[in-house]
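Under our numbering, the final residue of the sequence shown carries the number 387; numbering is consecutive throughout.
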Amino acid sequence: MNKVLKEILKYVAIFAVLFVVLFCTDKLLRKKYMTSELEGAMVEEYYDNIGNNEVVFVGDCEVYENFSPITMWEKYGITSYIRGSAQQLVWQSYYLLKETFEYEVPKVAVFNVLSLKYNTPQKEGYNRMTLDGMKMSAIKLEAIEASMTEDEELISYIIPFIKFHKRWSELSEEDFIYWFKNDKVTVNGYLMRADVKPVDYLADYYEENGKVSLTYDELVKICRGTPNRYDSSKDFGENAMKYLDMMTELCKENGVELVLLKSPSIEPYWYPEWDKCIEDYATANDLLYINMLDSLNEMEIDFLTDTYDQGLHLNVYGAEKAADWLGKKLTENFTLTDYRNNEEVSKNWKEKSDFYYDMKADQEAEFAEKGYLEKFKKTDITGKN
């Protein structure tokens, strides 16, 4: 009996050692997203911020770079989180929202409608940035199956070692520093940028004509020229609209108000046909649709100072203006709690605010010194891992 027990214990020990070795190796070989491509580290951060988020955003860079949760907190006492990721597709937004409802049920969910332009899976690099950070669950498996391109395999998401085992030659100091613990890269899902890169030709136009108020279409024509003509190939696809239907139904089942949102970015161009499609959908489904492009002047967005990449995204100065405007709109349309008088919640958000302003000061100092932000110098996040 003792001999049998020893044999069993021997094999248990062997398997335990193998498991630890495999676990540690897997953690080492995974991409860390700490010194560049920070977008890949964002989805995982949500699990440290679960609870008491009355507004949850889902979507791509049009939400995670264009809205400051800290501003919404300071101005209106709104508690919010942005579950964003690079080129997040509508089915990924749906499954992230579905997963969120397993942990908490917010009062309002905000979905970025620009992603509806994509009807099929796009690139593995972007998929990884959304899916690898999700905790393993049946919902994650559904999200993977909906997102995979033809060349991807489900098993590589379940056992990442299969995907990343060839990274031995690519290992850098970053991989060892962040082997078991990552730094925090966002503030409640908001990825801050304090650098500035104004929109082309806008300064020249203002110099010639004065700093007049411009509509979205006027800005586009001045800075980008006449957009390509709309045709049926640009219509929102059946698959994309199917997942929007599923998201609408998911929110109704959970008693959550769904808001359809178009962020205030000059590019990609937001066609009037898309705008009409979303307006009609919102009306048919009794949803609030907010096209912030119609209110650029009211928000006082200045594309000479409030963007870091010539109008594709807002920097922190623009994100604070956009969040202030949107927070007001949300409080006008929904019954949201002002938590600023709640001692426990305020203490938590004081810590978030301190982190936010420290990050802002650090980025401003770095940009003033270098003219760029080191962590954002590498911008190609579409390649294969």
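Cβ atoms here follow ideal geometry from the backbone N, Cα and C, with glycine treated the same way.
Which residues mark the beginning and the end of the alpha helix (DSSP H) in which residue i is found?
i	result
TYR78	71-78
TYR359	345-372
ALA205	204-211
VAL45	44-47
ARG226	218-226
First and last residue of the beta strand (DSSP E) that includes residue i?
i	result
LYS264	259-264
Apart from the five residues on each side of it in sequence, which residues of its chain come closer than 6 Å, Cβ to Cβ, to residue i?
i	result
GLU101	ILE141
GLU46	GLY135
THR384	Reliability of the predicted coordinates at THR384 is poor, the pLDDT of 38 falling under 50, and no value is obtained from them.
ASN241	ASN121
VAL1	Residue 1 lies beyond the range of the chain shown here (3 to 387); nothing can be said about it.
THR81	ASN54, ASN55, GLU56 and TYR341
GLU259	VAL110 and PHE336
LEU91	SER117 and TYR120
VAL407	For residue 407 there is no data in the structure shown, the boundaries of the chain being 3 and 387.
CYS253	ALA111 and LEU260
TRP351	TRP75
So, under 8 Å CB-CB, residue i and residue j are touching, yes? Tell me the CB distance rounded to an integer number of Å.
i	j	result
TYR271	SER70	At roughly 25 Å, the Cβ-Cβ gap does not stay under 8 Å, so TYR271 and SER70 are not in contact.
ALA43	ASP62	Not confirmed; about 16 Å, so no contact.
TRP93	SER139	That pair is no contact at about 16 Å.
LEU156	GLU147	7 Å
MET74	GLY329	4 Å
GLU366	ALA196	5 Å
LYS377	LEU40	6 Å
ILE52	VAL65	Going by Cβ atoms, the distance from ILE52 to VAL65 rounds to 18 Å, so no, they are not a contact pair.
VAL189	TYR358	5 Å
PRO1	ASN129	Because residue 1 is not part of the residues shown, which for the chain are 3 to 387, the question remains open.
THR250	ASN287	5 Å
THR333	TYR78	5 Å
Quick one: what's residue i bridged to in DSSP?
i	result
GLY61	GLY86
TYR192	VAL189
Please work out which residues of its chain come closer than 7 Å, Cβ to Cβ, to residue i, disregarding the five sequence neighbours upstream and downstream, and give them in chain order.
i	result
CYS279	PHE238
GLY313	VAL201, CYS225, SER267, ILE268, GLU269 and PHE305
LEU298	TYR218 and PRO266
ASP382	Low local confidence applies: a pLDDT of 43 at ASP382 is under 50, so the model's placement there is unreliable, with the coordinate-based value given in what follows. Taken in chain order, the list of residues that qualify is empty.
MET248	TYR96
LYS137	TYR49
ASP308	LEU316, ASN317, TYR319, GLY320 and LYS323
GLU209	none
LEU98	VAL60 and ARG85
TYR291	LEU262, ILE280, GLU281 and ALA284
TYR232	TYR273 and GLU275
PHE369	ALA196, ASP197 and LEU375
MET194	VAL318, MET361, LYS362 and GLN365
Using a Cβ-Cβ cut-off of 8 Å (strictly less than) and excluding sequence neighbours within five positions of residue i, which residues of its own chain qualify?
i	result
SER348	TYR341 and ARG342
TRP327	MET294, SER297, GLU300 and MET301
LYS386	Annotation note: pLDDT 35 at LYS386 (below 50); position unreliable, coordinate value reported separately. GLU126 and GLY127.
TYR203	ILE224 and CYS225
PRO229	VAL222, TYR271 and TYR273
LYS5	none
For the region 89-175, list the alpha helix (DSSP H) runs that are entirely contained and at least 4 residues long, ordered along the chain.
92-105, 126-133, 140-149, 157-160 and 163-166
Any alpha helix (DSSP H) of 4 or more consecutive residues that is wholly inside the region 241-322 = 274-286 and 298-301
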